[in-house]
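Chains as they are written, first to last, in the working numbering: chain A, 144 to 274; chain B, 144 to 274; chain C, 144 to 274; chain D, 144 to 274.
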């Protein structure tokens, strides 16, 4: 997958009383970006769930470099670092005119009922690799 | 149901850049209070969902009287105003040393799959009325 | 103001274990829509806050008509119902292919420090009325 | 600081359409736990902010081991791994009857206006070390 770009404005809901984006909320922006990247490749979270599997985050390493503020427009750049049979590691960077947050997020394909790891379906893997 | 009391502290996650609790978040506190009230009567949301029904909010009227702030300790008082075969109207009041928010929330019992209204199970209704 | 339209996809963050959008989160979509409407007229929340005033919600009446679900694309239509010296009443409707939520939200202009009501600045009122 | 324990129930607001706690929300529980630990030592976030400094998260490493679900009661155990002149590294573990999430969170003391690092005030450092 080439770099996928998602962009949004910062609203009151995203901020906290320190006047900046609350630290957990950057993970929401990152998930929206991964979801939009999947959509661009033709895969929806709902369709995947209905087919019996869900992608869940198994680990993340986040570096907070500078705070985003109310009304800022942020861009989330997403690339794939590596893939295994059951997992994908995404590199995600959030920026305004400067770098705000960088993260490495490992996502595992699991069964929608048991939450046990299962192989990423071939057509998804191929779609991700062709990018 | 007599007045049920739920209390919590205001954390950074609850506030926004205006320095006060974000207006949608009071609805979270109200739902926690309703959930704890149900637990006190012996009913868990999960058990209800597993039995095939869910309580969903069908309408709410909220008045914001004064803002709660970081580190405030709020109390949510919850009473039942009325019940019908399929719905319950709750009166909920959030306060610190003064009144913060008051709300009237109508909750409907629906089928967990179709989300169509269904009768509130008798044992729940009785438990609520005995209070 | 003519009808202002804001649109977004429903992400995992917006949903809950009942499989639908959590009831408080519709208020976030409504606030984003009001914020974007203000931006379209040339006003940013941040600039307003820096000028010493904030628009806060003083009451809302929300009707939940049908649930929105993961991956749904929702549209929030926003119009102004009426204005007074210090407040604005918005009518907001959220829909997919059907109506999901309708709300009447009263917003009051307050001093950013004291949170006491103050007159809506003339240039904002005029911009809103010209629409 | 000895191990500090914070506990809460999982509510609908915490979960998503996959039926489990949304991955960003565990960071909220962790922050509540750190806040309560500070309160137990006599420090409030608000008082600190009023004194001109804020503790902000500069990095986190999170491992998601198993999902927490609606109605689960979770416990967040918090210990201090190390401290420098301007930062604290917390180890935080979330569990039900089994381990759910483990995290290492680095928090930096910054000026409330400029968000530039500044020394942790001596009385706070001493209070944390005496534990």
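C-beta: ideal position from N, C-alpha, C; glycine also.
Within chain B, the residues that residue i reaches when beta carbons sit closer than 8 Å
| i | result |
| --- | --- |
| residue 215 of chain A | Per Cβ cutoff of 8 Å: no residues; residue 215 of chain A is ~11 Å from chain B at best. |
| residue 167 of chain A | 156 |
Under 9 Å by beta carbon: chain C residues contacting residue i
| i | result |
| --- | --- |
| residue 186 of chain B | Per Cβ cutoff of 9 Å: no residues; residue 186 of chain B is ~16 Å from chain C at best. |
Residues bridged to residue i (per DSSP)
| i | result |
| --- | --- |
| residue 254 of chain B | B:196 |
| residue 246 of chain B | B:205 and B:235 |
| residue 158 of chain B | B:164 |
| residue 230 of chain C | C:251 |
| residue 260 of chain D | D:253 |
| residue 152 of chain B | B:216 |
| residue 187 of chain D | Answer is none; residue 187 of chain D lacks a bridge partner. |
| residue 223 of chain C | C:233 |
8 Å Cβ cut-off: residues of chain C touching residue i
| i | result |
| --- | --- |
| residue 156 of chain A | 171, 174 and 175 |
| residue 239 of chain A | What residue 239 of chain A touches in chain C: nothing, since even the nearest Cβ is about 13 Å away. |
Residue i and residue j closer than 7 Å at C-beta
| i | j | result |
| --- | --- | --- |
| residue 257 of chain D | residue 206 of chain A | no |
| residue 225 of chain B | residue 217 of chain B | no |
| residue 229 of chain C | residue 190 of chain C | no |
| residue 215 of chain D | residue 239 of chain D | yes |
| residue 208 of chain C | residue 159 of chain C | no |
| residue 153 of chain D | residue 211 of chain D | yes |
| residue 221 of chain B | residue 235 of chain B | yes |
| residue 149 of chain D | residue 219 of chain D | yes |
| residue 147 of chain C | residue 180 of chain C | yes |
| residue 244 of chain D | residue 155 of chain D | no |
| residue 184 of chain D | residue 188 of chain B | no |
Min CB distance residue i to chain B below 7 Å
| i | result |
| --- | --- |
| residue 195 of chain A | no |
| residue 160 of chain A | yes |
| residue 203 of chain C | yes |
| residue 191 of chain D | no |
Where residue i meets chain C, residues with beta-carbon distance less than 7 Å
| i | result |
| --- | --- |
| residue 233 of chain B | What residue 233 of chain B touches in chain C: nothing, since even the nearest Cβ is about 13 Å away. |
| residue 200 of chain B | 166 and 207 |
Contacts that residue i makes with chain D (C-beta to C-beta distance below 9 Å)
| i | result |
| --- | --- |
| residue 221 of chain B | Those within 9 Å of residue 221 of chain B in chain D number zero; the least Cβ separation is about 14 Å. |
| residue 178 of chain B | 152, 154, 155 and 214 |
7 Å Cβ cutoff, residue i in contact with chain C
| i | result |
| --- | --- |
| residue 246 of chain D | no |
| residue 206 of chain B | yes |
7 Å Cβ cutoff, residue i in contact with chain A
| i | result |
| --- | --- |
| residue 265 of chain C | no |
| residue 260 of chain D | no |
Partner residues on chain B for residue i, Cβ-Cβ distance less than 7 Å
| i | result |
| --- | --- |
| residue 271 of chain D | In chain order: nothing, as chain B lies at least about 19 Å away. |
Neighbour flag for residue i against chain G, beta carbons, 7 Å
| i | result |
| --- | --- |
| residue 168 of chain C | Note that chain G does not occur in the displayed structure, where the protein chains are A, B, C and D. |
Validate contact between the region 163-183 of chain C and the region 154-174 of chain B using beta carbons, cut 8 Å, 3 pairs:
Yes, the region 163-183 of chain C touches the region 154-174 of chain B.
When you compare the region 246-254 of chain B with the region 180-196 of chain B, are there three or more beta-carbon pairs, one atom per stretch, that lie closer than 8 Å?
These segments touch.
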